[in-house]
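For the sequence shown, the UniProt record's numbering gives the first residue as 1, with consecutive numbering after it. Built from N, CA and C at the ideal position, the CB exists for glycine as well. These notes are about the structure you will find just below.
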Amino acid sequence: MLGRKIMKDGMKSVILKMIMFIIAVGLLFNVIMIFNMIMKKF
């Protein structure tokens, strides 16, 4: 019972880390795209 709970919590933290990683990559990609657009204007 306890082992199953730890597994479940572990999965939750892994999924949370993956979501945060995807958001961070998405934000970084957006910043690069905006930077490229600004550089093209100058």
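- Gly3 and Ile19 have their alpha carbons spaced roughly 24 Å apart.
- Residues of the same chain with their beta carbon placed closer than 6 Å to that of Lys40 are lacking, with the five preceding and five following residues left out of the count.
- DSSP places Phe35 in the helix class (H, G or I) of the three-state scheme.
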